[in-house]
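Student:
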Amino acid sequence: MFLQFNFSAILVCAVLNMVLGFLWYAFLFSRPWMKLMGLNPDKMSEHESQNAVTHGYFASFISYIIMALVLSYFIITTGATTALEGLKLGFLCWLGFSLTTMLPNHYFFMKPIKLAFINISYPLVGVSMMGVILAVWR
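Residue numbers for the sequence shown follow full-length UniProt numbering, beginning at 1 and rising by one.
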C-alpha cells in the first residue's frame, strides 16, 4: 500500500513548529524558562550560545519533519480529513508519546513542575496544530 504523503504540508508543519518554538521560548516564556532551567545568558560565552542554538535548531527541524511524517501516516491510515479529527489525532499523539516521555524526565531530572508545564505544553500546541494542518491539507 503506497501512502500519499503531502510533503508540502509536512514541510510547512516543520517550519511552523520552528516558529512556534521560537515564539514559545524567546518571547512567551523566555524569562521563566531560563530561570527555571538555571540559565544565565550573561554567563554563557557567545560560542556556547551560538553552538547550542545552531545544533538545537537543526535537531528540532529534523525531529519535526519526522514527527509530521508519522502523524501524517496516522492521519492517512485513519482517514481523518477534518480539522477536528486532525486535532484529536494530534492530541492523542501528544498524550501518548510526548507527555508520557517528557513528564517523567522532569521528575527524574528534579526540575520544577512549572518548567514541565512550559516544556510539555509546547508540543501539545505544536502537534495539535500539525494534526489540523495535515488532516485538512490533503
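Glycine residues also receive a C-beta, built at the ideal position from the N, C-alpha and C atoms. Quick caveat, the model's predicted, so the values are computed rather than measured.
Mind checking which residues open and close the alpha helix (DSSP H) that includes N17?
Tutor: Here residue 17 refers to the residue found at position 17 of the sequence shown. F7 to L23 is the extent of the alpha helix (DSSP H) around N17.
Student: Take L84 as the anchor and find which of V132, L23 and S30 has the nearest alpha-carbon.
Tutor: Taking the first residue of the sequence shown as position 1, residue 84 is located at position 84. The candidate whose alpha carbon is nearest that of L84 is V132.
Student: Taking the C-alpha atoms as reference points, what is the distance between G126 and I120?
Tutor: Reading the sequence shown from its first residue, position 126 is the one you call residue 126. Reading the sequence shown from its first residue, position 120 is the one you call residue 120. Going from the Cα of G126 to the Cα of I120 covers about 10 Å.
Student: Are the stretch 63–74 and the stretch 8–15 in contact at 8 Å, needing three or more beta carbon pairs?
Tutor: Touching, yes.
Student: Between L34 and the rest of its own chain, which residues show a CB-CB distance below 8 Å, the 5 nearest in sequence each way excluded?
Tutor: If you number the sequence shown from 1, residue 34 lands on position 34. Going by the sequence as given, residue 34 is Met instead of Leu. Excluding sequence neighbours, M34 sits near N40 and P41.
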